[in-house]
Amino acid sequence: MPDKYIDIKSISDLHRMVHYTSPRHPLVSVIDHCDFYKSYHPKADVFYRFGFYIISCKKFDGLLKYGKGHYDFNEGSLMFTAPDQVLGPGPDVQVEEGWALFIHPDLIHGTDLGKKIHQYSFFNYEINEALHISEEEKQIIKDCVAKIEKEYAQNIDKHSQGLIVSNIELLLNYCNRFYDRQFYTRAKVNSDVVQQFEKLLKDYFSQNNLIETGLPNVGYFASRLNLSPNYLSDLLGKFTGKTTQEHIHLELIDKAKTMLWGSNQSISEIAYGLGFEHPSHFTKIFKTKTGKSPSEYRLLN
């Protein structure tokens with residue numbers, strides 16, 4: 021665990037941290053990464069907790085520390101951070117170029133974007149799942165950020181929030197497109213991940229001690245594959261059309277069908293044997309996935 025946390029909750033706090041003048045807008049700002057990392061280095065034992073959505077584009081020499089890992093981003097990448105995530109630099113970070121867009125949640129509160137911000141799942145990816153963009157893509161992103169920066173630098177009026185939020189949403193939609201491209205250009209690597217996941221899933225449900233181990237969750241498989249839960253679900257969604265949870269439920273239902281037709285165990289015994297604490301939960305999932313209750317399905321045999 022880091023020796024110290026520093027909370028940065030407002031754009032004003034952020035500007036003081038990087039020795040900027042007072043912000044032109046209280047809820048959004050673009051910071052040059054060279055200025056940003058000067059405030060970090062050389063305090064490698066200090067971690068920061070930012071109360072913002074952060075979109076950053078950077079190219080630097082050295083290793084960035086995120087949790088227990090260190091990641092090399094010499095090529096330059098887009099990274100996304102949700103509010104209140106903890107991050108900090110390693111001792112060798114040297115920023116070459118880049119910027120970071122800081123968005124306070126209050127800016128999008130009550131807007132359409134605020135209602136669907138959770139759909140941009142890359143805000144909950146790990147640092148090592150960053151978006152690597154081409155020069156052409158980088159320019160598109162840069163243009164979006166420039167419009168946001170230009171808008172908040174003007175005198176704020178009744179149109180300011182709507183225009184800034186619209187440009188942020190445009191930026192996020194481009195990022196969605198570029199992530200889709202990245203998933204498919206890394207098809208071989210991702211196909212290997214899918215195969216590893218499917219093996220882990222089958223191995224888990226082939227155990228005879230599910231009553232002790234319980235049902236697996238998305239986090240279990242993500243950790244075994246060294247991925248974040250969101251990234252794993254998005255990757256599986258792109259390549260199989262189903263999320264991690266849907267795959268878990270399908271494997272569960274397949275095993276349940278075998279047990280219903282191949283044994284005389286009661287529905288409750290089967291539910292406990294599959295790792296459920298409450299048989300009613302098993303019955304609900306089974307009926308949702310098959311259209312029939314476990315008892316009705318057993319009578320089909």
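Numbering (our numbering), first residue to last: 21 to 321. For every residue, glycine included, the Cβ atom is placed at its ideal position computed from N, Cα and C.
Residue i, DSSP secondary structure in three states
i	result
GLU189	helix
LEU220	helix
LYS167	helix
GLU117	strand
PHE122	strand
ILE74	strand
VAL38	coil
GLU245	Residue identity check: residue 245 is Leu in the sequence provided, not Glu. Reduced to three states, the DSSP call for LEU245 is coil.
LEU107	strand
LEU151	strand
GLN174	coil
HIS138	helix
GLY89	Here the model assigns GLY89 a pLDDT of 46, short of 50, so the residue's position is not dependable, and the following value carries that caveat. Here GLY89 sits in strand by DSSP.
LEU183	helix
SER226	coil
ARG206	coil
PHE198	helix
PHE296	coil
GLU146	coil
SER211	helix
GLY261	coil
Unbroken beta strand (DSSP E) run spanning residue i, endpoints
i	result
VAL50	48-52
ASP27	24-28
LEU98	97-101
TYR68	66-70
Same chain, Cβ closer than 7 Å to residue i, neighbours up to 5 away in sequence not counted
i	result
ASN210	PHE203, LEU255 and PHE259
LYS178	none
VAL38	ILE51, ASP55, PHE56 and SER59
GLU189	LEU133
CB-CB length for residue i against residue j, believed under 8 Å
i	j	result
PHE225	LYS275	5 Å
ILE333	MET279	The requested residue 333 is not part of the displayed model; the chain covers only 21 to 321.
TYR145	LEU107	With a Cβ gap of about 13 Å, TYR145 and LEU107 do not count as contacting.
TRP119	HIS53	6 Å
ARG244	TRP281	At roughly 30 Å, the Cβ-Cβ gap does not stay under 8 Å, so ARG244 and TRP281 are not in contact.
PHE241	LEU220	6 Å
Enclosing alpha helix (DSSP H) for residue i [first to last residue]
i	result
GLY234	Segment: none, GLY234 is in no alpha helix (DSSP H) and carries neither H nor E.
LEU280	264-282
LEU319	314-319
GLY130	Per DSSP, GLY130 belongs to no alpha helix (DSSP H) and is neither H nor E.
SER5	Any answer about residue 5 is impossible in this case: the structure gives the chain only from 21 up to 321.
PHE302	299-310
Contacting residues, own chain, Cβ-Cβ under 6 Å from residue i (five flanking each side not counted)
i	result
PHE143	PHE100 and ALA102
ALA173	ARG44
GLY239	PRO249
ASP132	none
LYS304	none
MET21	In this predicted model, MET21 has a pLDDT of only 48, less than 50, meaning its place in the structure is not dependable enough to derive any value.
SER76	MET99 and ALA120
Chain D within 8 Å of residue i, Cβ atoms only
i	result
LEU192	You won't find chain D in this structure, because it holds only one protein chain.
Own chain, CB closer than 8 Å to residue i, minus 5 neighbours either side, in chain order
i	result
PRO125	GLY71, PHE72, TYR73, PRO103 and GLY134
LYS262	LEU256 and LEU270
GLN227	THR233
ILE184	HIS45, VAL48, LEU127, ILE168, GLU171 and TYR172
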